[in-house]
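Q: In the numbering used here, the protein residues as written are 65 to 221.
Idealized CB from N, CA, C, for every residue including glycine.
Note that the coordinates shown come from a computational prediction; the quantities given were computed from them, not determined experimentally.
Dumping the structure here so I can ask a few things about it.
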Amino acid sequence: MSAIVRLVVSLALPLAVGALSGLATARSVTDWYPALAKPPFNPPSWVFGPVWTALYLMMGAALYLVWREGAQRPEVRTAILLFAVQLALNGLWSVLFFGVRSPALAFAEILLLWTAIGATTLAFWAIRTTAGALLLPYLAWVTFAAVLNGSIWWLNR
Numbered sequence: 065m066s067a068i069v070r071l072v073v074s075l076a077l078p079l080a081v082g083a084l085s086g087l088a089t090a091r092s093v094t095d096w097y098p099a100l101a102k103p104p105f106n107p108p109s110w111v112f113g114p115v116w117t118a119l120y121l122m123m124g125a126a127l128y129l130v131w132r133e134g135a136q137r138p139e140v141r142t143a144i145l146l147f148a149v150q151l152a153l154n155g156l157w158s159v160l161f162f163g164v165r166s167p168a169l170a171f172a173e174i175l176l177l178w179t180a181i182g183a184t185t186l187a188f189w190a191i192r193t194t195a196g197a198l199l200l201p202y203l204a205w206v207t208f209a210a211v212l213n214g215s216i217w218w219l220n221r
């Protein structure tokens with residue numbers, strides 16, 4: 065597979081998950097979420113789109129850097145598998161929080177997501193430092209999102 069195809073696929077995968085997550089959340093974002101009690105550190109709604117777009121692009125760039133190191137290498141295959149797991153968990157969080165409208169289930173799931181992102185970051189870092197570094201803002205944002213999710217759950221139980 066050519067480098068350009070790998071790059072396009074690497075960037076498109078996280079963006080596609082983000083788009084699908086957006087479809088799952090569209091209705092709840094306008095009718096259910098605004099009615100929830102939220103902590104004072106809850107960002108304005110316009111922040112989420114640009115932040116997630118930047119994070120998905122960084123995730124894609126990180127995937128590309130690891131993938132081009134050779135998918136036949138066992139450590140690269142493991143890292144890509146970890147990436148796929150965290151990406152699936154990323155999409156699932158939106159379904160649980162906004163689709164199912166369950167901050168409690170979403171909070172339990174985001175702890176798994178955080179662990180998967182941490183494992184992916186370490187695996188990417190071991191293969192290509194830049195790839196691991198590109199995932200650090202994602203890990204930081206999901207750390208914040210977990211605190212926000214937990215707070216929303218607590219305030220609305």
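(1) So what does DSSP say about Met65, is it helix, strand or coil?
(2) Going along the chain, which unbroken runs of the alpha helix (DSSP H) with 4 or more residues stay wholly within the region 109-159?
(3) Would Gly124 pass as a contact of Leu203 if the rule is Cβ separation under 9 angstroms?
(4) Nearest CA to the CA of Trp96: which residue from Val164, Gly182, Val81, Tyr128?
(5) Please return the same chain residues whose Cβ sits closer than 7 angstroms to the Cβ of Trp157, not counting the five positions on each side in sequence.
(6) Below 8 angstroms, how does it come out for the region 92-110 and the region 126-142: are there three or more Cβ pairs, yes or no?
(7) Between Ala143 and Ala187, how many whole angstroms is the CB-CB distance? I'm expecting something under 8 angstroms.
A: In short, the structure shows the following:
(1) coil
(2) 112-131, 138-158
(3) no
(4) Val164
(5) Ala170, Glu173, Ile174, Leu177
(6) no
(7) 4 angstroms
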